[in-house]
Each structure stands twice: as structure tokens, then as C-alpha cells.
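Residue numbers (this note's numbering): 10 to 146.
Just so you know, even glycine gets a beta-carbon here, dropped at the ideal spot from N, CA and C.
What you are looking at is a predicted structure, and each value in this text was computed from that prediction instead of being measured.
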């Protein structure tokens with residue numbers, strides 16, 4: 010029996026999809042000359058794209074780790090925490106881009122929301138894993 014769509018919970022690893030959306034949006038906006046002039050792309054936008062893509066790849070890597078030992082959990086958690094740390098770093102770069110390049114507020118709000126849509130479920134995943142693997146030896 011299927012569950013009515015409106016009563017379904019959020020997928021356990023929606024964070025992967027959200028991270029992919031964030032990386033995709035970041036690449037698209039950073040390659041747009043209306044927002045970032047070509048002359049400055051190499052020195053600033055590359056950092057933004059690297060952060061967004063790293064968030065996505067770290068989350069995927071963490072998800073592939075099948076936890077059976079304390080070391081497995083440690084590696085998985087480290088990747089999750091690094092991805093979470095990069096979300097904050099990316100928000101800082103977005104804020105800086107707004108101030109330096111004059112990105113419009115609506116675009117910045119949307120971009121920041123995409124980051125939040127990654128960090129919030131990532132925090133839930135960290136907490137869930139902490140509970141799930143608390144007794145791992």
C-alpha cells in the first residue's frame with residue numbers, strides 16, 4: 010500500500026539531491042558573464058564552484074561508506090562534517106560576491122536557500138548517524 014504524497018516524509022538522503030542542485034546552480038551562475046565578468050572568473054568564481062562541488066562529492070562519498078567499524082564511522086563523519094563546514098564557507102563567498110559584484114538580493118536569497126537546503130538535512134543526517142552508531146565498537 011502506498012502512502013499519500015502529502016503524508017510522505019522527506020527522503021532519508023534528500024541531502025544528495027539538494028547538494029547536486031546547489032552545485033549545478035553554482036556552476037551556472039558563476040559561468041554567467043552578466044553576474045561575474047570573464048576577467049574575474051578565474052580568481053573568484055572558481056573558489057565558489059570548488060566549494061559547491063566539494064560539498065556534493067563529500068556527501069556522496071560519505072554515503073558510500075558502509076559502517077561496520079568505528080573507523081568506518083569516523084571516516085564517514087569526517088566527510089559529513091567537512092561538507093557541513095563548506096556550506097558555511099560557501100555562504101561567506103556568496104555574501105562576498107553580493108558585495109563585490111552587486112548580485113541582486115533575490116538571486117542571493119535563492120542561492121543561500123539552496124545552501125540551507127543542504128545544511129539542514131546534512132545536520133539531521135549527522136545526528137541520525139550519531140544515534141545509530143553510538144554503540145559501535
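Just curious, the alpha helix (DSSP H) that residue i is in, first and last residue?
{"i": "residue 85", "result": "79-110"}
{"i": "residue 51", "result": "From DSSP, residue 51 is part of no alpha helix (DSSP H); its letter is neither H nor E."}
{"i": "residue 37", "result": "23-39"}
{"i": "residue 46", "result": "Note, residue 46: premise wrong, no alpha helix (DSSP H); not H, not E."}
{"i": "residue 115", "result": "114-141"}
Find out if the Cβ-Cβ distance for the pair residue i, residue j is shorter than 8 Å.
{"i": "residue 68", "j": "residue 25", "result": "yes"}
{"i": "residue 84", "j": "residue 74", "result": "yes"}
{"i": "residue 89", "j": "residue 31", "result": "no"}
{"i": "residue 105", "j": "residue 60", "result": "no"}
{"i": "residue 145", "j": "residue 79", "result": "yes"}
{"i": "residue 122", "j": "residue 34", "result": "no"}
CA-CA distance, residue i and residue j?
{"i": "residue 27", "j": "residue 66", "result": "12 Å"}
{"i": "residue 22", "j": "residue 108", "result": "34 Å"}
{"i": "residue 93", "j": "residue 128", "result": "6 Å"}
{"i": "residue 18", "j": "residue 136", "result": "Unreliable positioning characterises residue 18 in this predicted model, as indicated by a pLDDT of 45, which lies under 50. A coordinate reading is not provided."}
{"i": "residue 55", "j": "residue 95", "result": "14 Å"}
{"i": "residue 86", "j": "residue 77", "result": "13 Å"}
{"i": "residue 46", "j": "residue 112", "result": "12 Å"}
To the nearest whole angstrom, what separates the beta carbons of residue i and residue j, a pair I think is in contact under 8 Å?
{"i": "residue 58", "j": "residue 39", "result": "5 Å"}
{"i": "residue 142", "j": "residue 44", "result": "The Cβ separation is near 42 Å, so there is no contact."}
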